[in-house]
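Residue numbers (our numbering), protein chains in the order written: chain A, 341 to 826; chain B, -9 to 434.
The beta-carbon is built from N, C-alpha and C at its ideal position, and this holds for glycine as well.
Every value quoted in this text rests on a predicted model; they were computed, and no experiment measured them.
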Amino acid sequence: MKLTHLVEPPLEFGSAFRHPDIRFGLMDYGPFDLGMESAPKRIRIGIVGSAETVEGTARWLETCTTGFPAKESRQPNLFPPFPGTGPDETFRCEFVTSEELQRVLPPREIARLSAIPGQREMTRNVVDAITDEIGVLAERSIRPDVVLVALPIEIIERTYNARDVPAGGEKDEDEEVEAGPDLDFRGMLKAACMRLHLPIQLLWPTTFDPAYKIPRKLKESTDRRTQDPATIAWNLLTAVYYKAGGLPWRLARDSRQLRTSFVGLSFYRSVDGEHIHTSTAQMFDERGEGLILRGGRMVESEEDRKPHLTAEDAYELLKSSLKVFRAQHGHFPARVVLHKTSKFDRNELAGFHKAIDERDIDYADFVWVQKSMTRLYRLGIYPPLRGTLLRFDRDQALLYTRGSVEFFRTYPGMYVPRPLMLRCQAQGQPLQHIAEETLALTKMNWNNTQFDNGLPITIAAARHVGEVLKYVPEEQEIAPRYSFYM
Amino acid sequence: MKKIGGSDIIGERGIAHIRGVVLSMGFMFYETGGVEAGIDGFIELRDAATGVVGNLLLQVQGKASEKKRLQAETDDSFEFPCQDADIAYWMQGTAPVLLIVVRPDEGKAYWKSIKDWFSDPEALNSRRVVFHKTRDEFNREAKAAIVAVATSVSPGASGPSVRKHEEILTNLVAVCFAPTIYWAPTDHSTDKSFGAVLRDLHPEAGSEWIVRSKAVLSFHKLDQWPWSELCESEAMEEFGTDEWADSDDEDRQRDFVAILNRAIGEFVRPDLWHDRETGFFYFRKPPHRDNLNYAYKSLKNTTTRRVVGRYGKRKSDPTQASYWRHSAFGHRFVRLAGKWFIEVTPTYHFTRDGIADDSWAGDRLKKIKEMENNSAVMGQFVMWRDFLVTHGGDNLYASKYPFLSFVPIQPLSMEVGVPDELWKSQETDPSSPLFEYVHGEVVK
């Protein structure tokens, strides 16, 4: 058993300058696409909500231009200030809204909606009402780039699902929950809005008013540490920047390294609880552009009672993913890395290998990534460092992605972190390299500017994707960009 | 980590000197360890007048020397040669690093902001630092210059990882099992039917057996009573347990894990009970007492821990306890790098009266997890490891458990670590669980 520590992987920002941290990298250098034609310069933000929440959100956006001070602490790297928005600040981009980009749900309508008795019925009605308003915005000659859905508290109370986390609330990311059969308001709403080709972002009143009174039952289920205004601004605006088509940062890559496609494979369960598992692929390139594909049904295997693809479906799914990569980049990748949270069975291996061989891709790594109960303990109150790598074999290792973070000078989590067990079932690169990439991919989560996420984005994205796709009928074409799911 | 040897004493003298100077400036020095005679640490700058800490930290690399004459020494200066590895290390990151050379015999020290020095390509090539004895002296008068270095750091800068030798425990304990495993065909097709007949015949029979594809696999010799009654013992075959333990066949591995799970269920008796629902093993409440303490060897010495405790008062009847908390663990047998281990996950089990399940168990466990941290969980693991390693051994009451035993594995070491004292001093957020630990009582 060999124990080593991986250095925190750097990210690339504007003009390819590098920094290990997301927020400081953005502050110092601007987003990765700074200066590129595709970079947003002025993001038009639509807002839908009640009169109160629309007004509050618009005011909040205004305040964002001047920024928010850092939370008082002796960990300035963990709690930096938010400098503000504008052509020369942070994203080097303006975030604007105006009345033409806003739609208000009148009080009568909100009262009517919250009075609808059945949970299912009520949720569907709310989704329809909000989607209609967004639809109106979509039709206008001046269209918003992203729509903020500023939920009024009456709606939140009725539609809140204990697993939901409001934009601006911390969550225990260690909760790796598959998109289950419960009625998921957020998923339904995003599915409905997909055909409007407008990415949306949900937010709670606590975003623009941290002192807003949240009913106790909602408060209890969210993490007891609510975020400070600077952090809320960081996370929300970064997500908006990405949804508007921007590329805030990317993995730092050596030019000699092979062009790689990182694909996460998972599934979601159907809403009606009929135990149908549909596969999904979340494909990310080095720039973090995420593309989503939906595949065939998965069947629960007798051996491990987990869903698996047939060889044919595995082949089709990866084949389509590679085609999409090619459409995006103009060529096939030189290397493919597959991440999966259950073991690749014989059929899946055969199907995936076939798709790769067909395109003459020489380098492939198939990695089974799982949260592990195998743990390391330091002598002290702080858990092991993020980046700690314990190698058991040439194809199996334990990697800490959460844990003590050198840059933050603390462990910003609860209890003791769970490391990831990495098992390579096909290997084109040494295990150390695969572990380094996995660690780097945990920093590609556009919803969180605190980089120490537990899961690589290939797997973390699955939850959001499944949550939405289960409300998109099978025949309907799905929006490929990850912006519509996150 | 305790170091031994002469270099240790030089190092200690060096630390003492640096600390003395830093304190005279009104600042704090946090030692973080370092390797060989290196004195690694951080200077924390404070406003001497107000005592307010300004978030300014400077990483320090100290070297102490008792040499009578340093390289190229004159009245005004001397040279300090540097190893390539050290230079590479110091240049990592963007935050400044101070190199402080201490001469304890002279009672003097000298400092340089090392990134600035080596930013000059000639200096870098020469692989040495030239110290000017007057200008670069590290004493109270250097305070302004030190502050200037610290305040010039841009926000978000970070320095090299903290070099610190650390011992890391894993929550794995090595498993040894009986060398022979027995197989025989049987008419029974399920564990259930086999078990039912077995209980009738001999209620005390061990459960270290499984039935698969109309055959029974067991650590017990199947040609002996009561086993012989339940299978075709004439067709019994003996195998080396390694044939299952080392097999790559998934079914065999699964079967082997099943047998090990049966064995550990027997192994932990009578002290531990098993909770069907969670799969946890937990200390049972002693029949005529409320609490149970368990003595074991921790990392440093022998200690005891309350492993069964009565808590609270029931609202409906204050003479009754609200619940009992039992130390527990979850487990999994895993094969890593060709060897078998048991992965131990410390946890708690809750009962309302020492026996029946407590309906609030979920909430109670959640609350405990909000308070516990690495140190607490590790302490519980060490206890369980000691239990597994010593339990089932020969004692007055029983002979050694024959089919399973456990052996601790050596801790692993790492050369990069966490500067605990420094980080703890920065925990000021009351809502952080670490704050409670640092400033409050330790939860045992």
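message: Using a Cβ-Cβ cutoff of 8 Å, what residues of the segment 701 to 718 of chain A are near chain B? List them in chain order.
response: Met713, Thr714, Arg715, Leu716, Tyr717 and Arg718
task: Determine, using beta carbons only, whether Ile301 (chain A) and Ala704 (chain A) come nearer to each other than 8 Å.
output: Since the first residue of chain A shown is 341 and the last is 826, residue 301 (chain A) is not available in this structure.
Integer-rounded CB distance, given that Thr418 (chain B) should sit under 8 Å from Arg718 (chain A): Start at 1 with the first residue of the first sequence, and residue 718 (chain A) comes out as number 378. Start at 1 with the first residue of the second sequence, and residue 418 (chain B) comes out as number 428. The Cβ separation is near 22 Å, so there is no contact.
query: Can a CB atom of chain B be found closer than 8 Å to the CB of Pro360 (chain A)?
result: Numbered from its first residue, the first sequence carries residue 360 (chain A) at position 20. Taking Cβ atoms only, chain B reaches closer than 8 Å to Pro360 (chain A), which makes this a yes.
message: Can you confirm whether Trp574 (chain A), when its beta carbon is compared against all beta carbons of chain B, has any partner nearer than 8 Å?
response: As a first step, residue 574 (chain A) is located in the first sequence; it is residue number 234 there, counting from the start. Output row for Trp574 (chain A): interface = no.
query: Shortest alpha-carbon distance to Ala654 (chain A) belongs to which of A:Arg686, A:Leu631 and A:Glu643?
result: By one-based count along the first sequence, residue 654 (chain A) stands at place 314. The candidate whose alpha carbon is nearest that of Ala654 (chain A) is A:Arg686.
field: Min CB distance Phe435 (chain A) to chain B below 8 Å
entry: Taking the first residue of the first sequence as position 1, residue 435 (chain A) is located at position 95. It does not: the Cβ of Phe435 (chain A) has no partner Cβ on chain B nearer than 8 Å.
query: On the three-state DSSP scale, how would you describe Thr437 (chain A)?
result: Here the question's residue 437 (chain A) lines up with position 97 in the first sequence. Coil, per DSSP.
field: Proximity winner among B:Arg9, B:Met18, B:Glu2 and B:Ile399, relative to Val372 (chain B) (alpha-carbon distances)
entry: Taking the second sequence and counting its residues from 1, one reaches residue 372 (chain B) at position 382. Looking at the Cα atoms, B:Ile399 is the closest of the given residues.
task: Starting from the C-beta of Lys204 (chain B), find all residues in its chain whose C-beta is less than 7 Å away, skip the five residues before and the five after it, and write them out in chain order.
output: Translated into the one-based positions of the second sequence, residue 204 (chain B) becomes position 214. Result list for Lys204 (chain B): Pro175, Thr176 and Ser179, in chain order.
query: For Cys166 (chain B) versus Val397 (chain B), is the C-beta spacing smaller than 8 Å?
result: For the purposes of this step, residue 166 (chain B) is identified with residue 176 of the second sequence, where counting begins at 1. For the purposes of this step, residue 397 (chain B) is identified with residue 407 of the second sequence, where counting begins at 1. Their beta carbons are under 8 Å apart, which means Cys166 (chain B) touches Val397 (chain B) by this criterion.
query: Which partner residues of Asp467 (chain B) appear in the DSSP bridge assignment?
result: Outside the displayed span of chain B (-9 to 434) sits residue 467 (chain B), for which this structure offers no information.
Cβ shell of Asp368 (chain A) (< 8 Å), same chain only, five flanking positions each side left out: Within the first sequence, the letter at position 28 stands for residue 368 (chain A). Within the same chain, Asp368 (chain A) has close Cβ partners Phe353, Phe357 and His359.
Gly586 (chain A) versus Ala780 (chain A) - alpha carbon distance: The residue you call residue 586 (chain A) lines up with position 246 of the first sequence. The residue you call residue 780 (chain A) lines up with position 440 of the first sequence. Rounded to the nearest angstrom, the two C-alpha atoms are 20 Å apart.
query: How about Pro446 (chain A) and Glu497 (chain A): are their beta carbons less than 8 Å apart?
result: For the purposes of this step, residue 446 (chain A) is taken as residue 106 along the first sequence, with counting starting at 1. For the purposes of this step, residue 497 (chain A) is taken as residue 157 along the first sequence, with counting starting at 1. It is not a contact, given that the beta carbons lie outside the stated cut-off.
task: For Ile774 (chain A), decide whether its Cβ has a neighbour in chain B, counting only Cβ atoms nearer than 8 Å.
output: Translated into positions along the first sequence, residue 774 (chain A) becomes position 434. For Ile774 (chain A), the answer is no, since every Cβ of chain B falls outside 8 Å of its Cβ.
- request: Give the straight-line distance between the Cα atoms of Asp245 (chain B) and Ile200 (chain B), rounded to the nearest whole angstrom.
  value: The residue labelled residue 245 (chain B) in the question sits at position 255 within the second sequence. The residue labelled residue 200 (chain B) in the question sits at position 210 within the second sequence. Rounded to whole angstroms, Asp245 (chain B) to Ile200 (chain B) spans 8 Å at the Cα level.
- request: Spatial neighbours of Lys659 (chain A) within its chain, please: CB distance less than 6 Å, with the 5 preceding and 5 following residues excluded, ordered by chain position.
  value: For the purposes of this step, residue 659 (chain A) is taken as the residue at position 319 of the first sequence. Result list for Lys659 (chain A): Ala695, in chain order.
message: Please report the straight-line C-alpha distance between Val756 (chain A) and Asn364 (chain B), rounded to a whole angstrom.
response: Walking along the first sequence from the start, residue 756 (chain A) turns up at place 416. Walking along the second sequence from the start, residue 364 (chain B) turns up at place 374. Cα-Cα distance, rounded: 6 Å.
task: Using a cut-off of 7 Å between C-beta atoms, extract the partners of Phe747 (chain A) located in chain B.
output: In the first sequence, residue 747 (chain A) corresponds to position 407, counting from 1. Here the neighbours are Ser148.
- prompt: Under a three-way DSSP split, which group does Asp625 (chain A) fall into?
  reply: Along the first sequence, read from residue 1 onward, the residue named residue 625 (chain A) stands at position 285. In this structure, Asp625 (chain A) counts as coil in the three-state DSSP scheme.
- prompt: chain B beta carbons: is any one of them nearer than 8 Å to that of Asn788 (chain A)?
  reply: As a position in the first sequence, residue 788 (chain A) is number 448, starting the count at 1. No, no contact with chain B.
- prompt: DSSP three-state call for Leu760 (chain A): helix, strand or coil?
  reply: Reading the first sequence from its first residue, position 420 is the one you call residue 760 (chain A). Correct three-state label for Leu760 (chain A): strand.
task: Compute the Euclidean distance between the alpha carbons of Ala164 (chain B) and Gly196 (chain B), then round it to the nearest angstrom.
output: Position 174 of the second sequence, counting from 1, holds the residue named residue 164 (chain B). Position 206 of the second sequence, counting from 1, holds the residue named residue 196 (chain B). Taking the straight line joining both Cα atoms gives about 23 Å.
task: Determine whether the Cβ of His615 (chain A) lies closer than 8 Å to any Cβ atom of chain B.
output: Your numbering for residue 615 (chain A) matches position 275 in the first sequence. False, the Cβ-Cβ gap to chain B never drops below 8 Å.
task: Kindly list, in the order they appear in chain A, the residues whose Cβ is closer than 9 Å to that of Arg322 (chain B).
output: Along the second sequence, read from residue 1 onward, the residue named residue 322 (chain B) stands at position 332. Met713 and Thr714, listed in chain order.
- request: Grab me the residues of Arg666 (chain A)'s own chain with a C-beta within less than 8 Å of its C-beta, minus the 5 sequence neighbours each way, in chain order.
  value: What you label residue 666 (chain A) is simply residue 326 of the first sequence in a count that begins at 1. Contacts found: Phe672.
field: First and last residue of the uninterrupted beta strand (DSSP E) at Met713 (chain A)
entry: Position 373 of the first sequence, counting from 1, holds the residue named residue 713 (chain A). Taken as a continuous stretch (DSSP letters only), Met713 (chain A) belongs to no beta strand (DSSP E), as it is neither H nor E.
- request: Grab the span of the beta strand (DSSP E) containing His321 (chain B) for me, first residue to last.
  value: Here the question's residue 321 (chain B) lines up with position 331 in the second sequence. Looking at the DSSP string, the run of the beta strand (DSSP E) that includes His321 (chain B) is Tyr313 to Leu326.
query: Are Arg590 (chain A) and Gly628 (chain A) closer than 8 Å when you measure CB to CB?
result: As a first step, residue 590 (chain A) must be located in the first sequence, where it is residue number 250. As a first step, residue 628 (chain A) must be located in the first sequence, where it is residue number 288. Yes, they are a contact pair.
- prompt: Checking contacts by CB at 8 Å: is Ser151 (chain B) closer than that to chain A?
  reply: In the second sequence, the residue the question calls residue 151 (chain B) occupies position 161. Yes, because at least one Cβ of chain A sits closer than 8 Å to the Cβ of Ser151 (chain B).
task: Using only alpha-carbon positions, find the residue among A:Pro723, A:Ala579 and A:Ala737 that is nearest to Leu729 (chain A).
output: In the first sequence, the residue the question calls residue 729 (chain A) occupies position 389. Minimum Cα distance to Leu729 (chain A) is reached at A:Ala737.
task: Write down the C-beta distance between Val489 (chain A) and Ile450 (chain A) rounded to the nearest angstrom, noting that I regard them as a contact closer than 8 Å.
output: Against the first sequence, residue 489 (chain A) aligns to sequence position 149. Against the first sequence, residue 450 (chain A) aligns to sequence position 110. Incorrect: roughly 13 Å between the Cβ atoms, too far for contact.
- request: Check Thr650 (chain A) in the structure and name its three-state DSSP category.
  value: Within the first sequence, the letter at position 310 stands for residue 650 (chain A). Reduced to three states, the DSSP call for Thr650 (chain A) is coil.
query: Would Glu21 (chain B) be called buried (16 or more neighbouring beta carbons within 10 Å of its own) or exposed?
result: The sequence position of residue 21 (chain B) within the second sequence is 31, counting from 1. Burial call: buried.
task: Check each candidate in A:Arg726, A:Arg731, A:Phe732 and A:Pro492 and name the one with the smallest Cα separation from Asn793 (chain A).
output: Sequence index remark: in the first sequence, residue 793 (chain A) carries index 453 (1-based). Of A:Arg726, A:Arg731, A:Phe732 and A:Pro492, the residue nearest in Cα terms is A:Arg726.
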